[in-house]
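Read in full-length UniProt numbering, the sequence shown has 332 at position 332, and its numbers run on one by one without any break. Even glycine gets a Cβ: it sits at the ideal position worked out from N, Cα and C. Small disclaimer: the values here were computed from a predicted structure and weren't measured. What follows is a single structure, written as structure tokens, with notes after it.
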Amino acid sequence: MKVLLIGNGAREHAIAERLAHDCDLYAIMSKKNPAIAQLSKEYWICDIENPEAILKAISGKSFDLGFSSPDATLAAGVSDALASTGMLVASPSKAASRIEWDKSYMRNLLKKYNVKGSPKYELVHTEAEALRVIKDYDSVAIKPLGLTGGKGVKVTGDHFTEISDGLDYAKSLLRKDGIALIEEKLVGEEFTLQVFCDGSRINIMPPVQDHKRAFEQDKGPNTGGMGSYSSGELLPFLTKKDMEDATKIMQSTVHALKKDGALFKGVLYGQFMVGRDGPKVIEFNARFGDPEAMNVLFLLQDSLTNTFLSIADGHLISTRFSSDCTVVKYLVPDGYPDKPVKDAEVVVDAHGLEKVRANVYYASVYESNGKILTTGSRAFGIIGRGETLEQAEKIAEEGCKHIKGPVWHRSDIGTSEFVATKIARMQKIRDKP
Ligand code: AMP
Ligand code: GLY
């Protein structure tokens, strides 16, 4: 079985590792990820957001199955290009991935098909409309419609307090795009629910909590994600009912997409905020999360190749996951996110990592003259696994010590103390009269 994977981050390294168990892996990357290159029979470097460049790179070759992973490639129509060559494809078409790259489509889709779990929202086109909504809703999240790598949202109380500052941000979006999305601010704990989907049916993966803020105690600017943890079928602050509700929302959304003529085959990612009224949808992504992919794929007990095949041919097989806990910590270059050091050497002590039973996934690093160098983005994902969160966290933390160079990480992610603050916060929200 020849499988073609598009992408070159830590998420794709985790996917590649699983696929390479039982297929011949081929990869297309924008920059050479040394770990993916090593797992692949052959790889090509090109602009992965350009479907024509991809078709050129693989012309004359044939593959059984393709999977395009990063959001921007899906928005550019890479899955459609792969399908045009006759291979089976397990990532969504441009039309189906619109649920991620066009937030107005997503919100209107949920409304049109009565999918529960949307916050109040309005799409605004003028400064006057923006001002009215910001005043009406009191606390808001202001967003551009398109892809921003998780960094385009500004929330009352988190990023601004004065109405005028919120309005200034909305105005800057209106100047750029002519439209902005304003939602009521949701309060609670965020979690990620990823599902495999064959267009109709879904298989859920263990829920994960990501940490978007750059600094300890969830302070600082939003990033692509600094680390994440999972703890089996539930997260410590979730109830069974929360998971059932979130699962129903995922299933209803998949049906809505089908009815809307945008059959979704691939991995659908729901970002939820669980508050007093249960889980509400913050956004959908048309792909695995990064870092969340590392958590779930580490626990997958069945073949990812077979799962992808079953997605592509529309007959989803069941997939099992271990109930172990996982903690991922991202190592990022010194100065990240504002002034990250670029082109700095980092050394991976594979033996040391093995000794503490931690795994490393290569993210945004590159190889030059036999050395591994930083690019300025997140550099390595380190994952620990254990029967308890405490064990998993300790392994991940120990693992971080075996990458040498100008990199840092959030040491609070997955610790008992930090998770306890989340449980307490959630309890307070649930108990509020
Ligand atoms: P997004 O790009 O939509 O995932 O948003 C990035 C981050 O902004 C989310 O992970 C949340 O932390 C925050 N956010 C987005 N929408 C809302 C909302 N309606 N209420 C509160 N926080 C939000
Ligand atoms: N971890 C957030 C994302 O992948 O969008």
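Look up residue i in the DSSP assignment and give the residues it is bridged to.
i	result
residue 121	183
residue 361	381
residue 374	365
residue 439	This structure leaves residue 439 out entirely; the chain is present only between 1 and 433.
residue 279	274
residue 424	DSSP, once it has assigned bridges, lists no residue as partnering residue 424.
residue 404	347
Return helix, strand or coil for residue i, following the three-state DSSP convention.
i	result
residue 412	coil
residue 386	strand
residue 298	helix
residue 156	strand
residue 5	strand
residue 88	strand
residue 78	helix
residue 419	helix
Along the chain, where does the beta strand (DSSP E) that runs through residue i open and close?
i	result
residue 27	24–29
residue 326	325–333
residue 49	Note, residue 49: premise wrong, no beta strand (DSSP E); not H, not E.
residue 273	265–275
residue 61	Here residue 61 belongs to no beta strand (DSSP E), and DSSP marks it neither H nor E.
residue 436	Residue 436 is absent from the structure shown; the chain starts at 1 and stops at 433.
residue 43	42–45
residue 348	345–348
residue 143	140–143
Report yes if the CB atom of residue i is closer than 8 Å to the CB atom of residue j, and no otherwise.
i	j	result
residue 279	residue 246	yes
residue 361	residue 383	yes
residue 284	residue 253	yes
residue 288	residue 194	yes
residue 85	residue 48	no
residue 356	residue 228	no
residue 423	residue 236	yes
residue 37	residue 65	no
residue 337	residue 223	yes
residue 96	residue 130	no
residue 41	residue 25	yes
Along the alpha helix (DSSP H) that carries residue i, what are the first and last residues, could you check?
i	result
residue 311	304–312
residue 166	163–177
residue 39	34–39
residue 317	That residue, residue 317, is in no alpha helix (DSSP H); it is neither H nor E in DSSP.
residue 133	127–137
residue 10	10–19
residue 259	240–259
residue 98	98–101
Threshold first: 4 residues or longer. Then list the alpha helix (DSSP H) segments lying entirely within the segment 189–232, N to C. none
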